[in-house]
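The sequence shown begins at 1 in UniProt numbering and counts up one residue at a time. What follows is a single structure, written as structure tokens, with notes after it.
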Amino acid sequence: MARATGEKDGRGIFRGRRGAARPYENVDGCGICCGDCSGDVADASAARGYATRARDALQEKCIRLGFCRAFPHNNRVRVHTTFLTLAGVDFILVERTITGCDDAVYRANRDVWEHVPRGQASVLIADHGEGAPRLVATLQGLRKFGQFDAPYGVECGTPVVAVALEAIDGDCGHVTAFAHDGERFWLVGTKDVHMLVRFDVPEEDLALYGVDEGVSWRAAVPKRVVSVWRDTLRALPEGRAAALHDYLSTTGRTACFDGILRECGHLVDHGLRETLKFYAVTCRGATPHEGLCADPASSMAAPQSFGLDVVTPQPAVELGTDEYTALRDGMARRLNCEGAVVYGCNEAGVVVRMWKQRSHAYAMERAAQEAIVTHRLCGVALRSRLAGRLAGLPEEVRRCLGDWEAE
């Protein structure tokens, strides 16, 4: 049974964001009684103060247990806590995100880059006695990466080999798994919002996170992603979903994907079918010096063996060779494609750097989309903005875009 309100062992169930309950919160809609009730009001005020302190103390415990480093003085690093009950167990879901443009935050503070990936969450089980909550699962997305010369990567590692995977123009997401008292659970969602659900993802679990009516399409994306995940599980051959769960829960790994959703506003046409395309696997507790993620050339074999839709890695090539130049130029000239994500491995096969190789056509389409949607440009102003951007590109890029326009 799943629930987000009610009482358990005399304690209030918390209501956090997205519909879970806060401690000692009055959720029955009753008002304060009329008449001379100043003593009751004072008692209620004291109880609320105690509840607030108890909630804050518990949240601090969860943050310390869920994340090895905290950044309380950086107001761009936000922590969200959700309390919910599934299968009779009171869970605490703690998520950490960067607000606004994360690139500026990561560039200014390498510790934040190392310890706050783009997608991070921990699941704890509440102890209704005096004990601390117990950590049962962690989810780790990929650390931020940019162009080849961006300041992101393992400082002591030098990439010598490149493995390229097609970049998917979708919504960044992750999934991991754990089991408790014989019950299986998934932790799945988008970069900023993850949802804890049971193995078969029943509708009542999704209902804990609120209704979609009246919310923007963007706010509804996390639940859409979880729904696609449920459809994905149901389409797997018999026994594969359980095997996938065992793989993620026993290894503590997180599978990273891009969600391809209808009406998503992305530029690349991936077809009408909604799906999740998997492209990376991260390891629980791994430091950057142990690799930014698992070797993509081999790690994609596991998700694929369970029947998931994966991005096929291209053969590894040495950096600085004609083969790498051909790979890079080929990706840059592709149409209806975002480009590639390149995984740079050192001699030991550890991924020490990741970078993007954008398709020239996609980059121009993104520039046009930003000018139209963000800056509200049209007509002469839009043409002038794009002409200026085009004029600043190298000649070989302009030739490529000319070929694209001719098609």
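Just so it is clear, CB atoms sit at the ideal spot from N, CA and C, and this is done for glycine as well. Model, not experiment: these values are computed from the prediction.
- Cβ neighbours of residue 151 within its own chain (closer than 7 Å, five residues either side excluded): 107.
- Separation of residue 352 and residue 155 (C-alpha to C-alpha, rounded to the nearest whole angstrom) is 8 Å.
- Apart from sequence neighbours up to five positions away, the residues of its chain that approach residue 249 with a beta-carbon distance below 7 Å are 177, 178 and 179, ordered along the chain.
- In the structure shown, residue 248 adopts helical secondary structure according to DSSP, grouped into three states.
- Cβ contact annotation for residue 236 (same chain, cutoff 7 Å, sequence separation greater than five): 306 and 307, in chain order.
- A buried status is given to residue 209, since no fewer than 16 other beta-carbon atoms sit within 10 Å of its beta-carbon.
- Assigned with DSSP and collapsed to three states, residue 334 falls in coil, not helix or strand.
- For residue 99 and residue 79, the gap between their C-alpha atoms comes out near 10 Å.
- For residue 94, the closest alpha carbon among the candidates 140, 344, 54 and 277 is that of 140.
- For residue 335, the number of other beta carbons within 10 angstroms of its own is below 16, and it is reported as exposed.
- Under the DSSP assignment, residue 79 falls in the beta strand (DSSP E) whose first and last residues are 77 to 86.
- Counting other Cβ atoms within 10 Å of its Cβ, residue 383 stays below 16 and is therefore classed as exposed.
- Under DSSP, the beta-bridge partners assigned to residue 277 are 258.
- Within the DSSP bridge table, the entry for residue 393 names no partner.
- Residue range 89 to 98 is occupied by the beta strand (DSSP E) that includes residue 95.
- The Cβ atoms of residue 309 and residue 278 lie closer than 8 Å to each other.
- Taking C-beta separations shorter than 7 Å and ignoring five residues to either side along the sequence, the partners of residue 71 in its chain run 77 and 112, following chain order.
- For the options 256, 146, 225 and 318, the alpha carbon positioned closest to that of residue 358 is the one of 146.
- With respect to residue 252, residue 224 sits apart: the two C-beta atoms are not nearer than 8 Å.
- When 281, 260 and 280 are compared, the shortest CA-CA separation from residue 272 is found for 260.
- With respect to the 8 Å criterion, residue 124 and residue 92 are classified as neighbours on the basis of their beta carbons.
- Bridge partners of residue 171 according to DSSP: 259.
- Between the region 339 to 348 and the region 155 to 171, the count of C-beta pairs closer than 8 Å reaches three or more; the two stretches touch.
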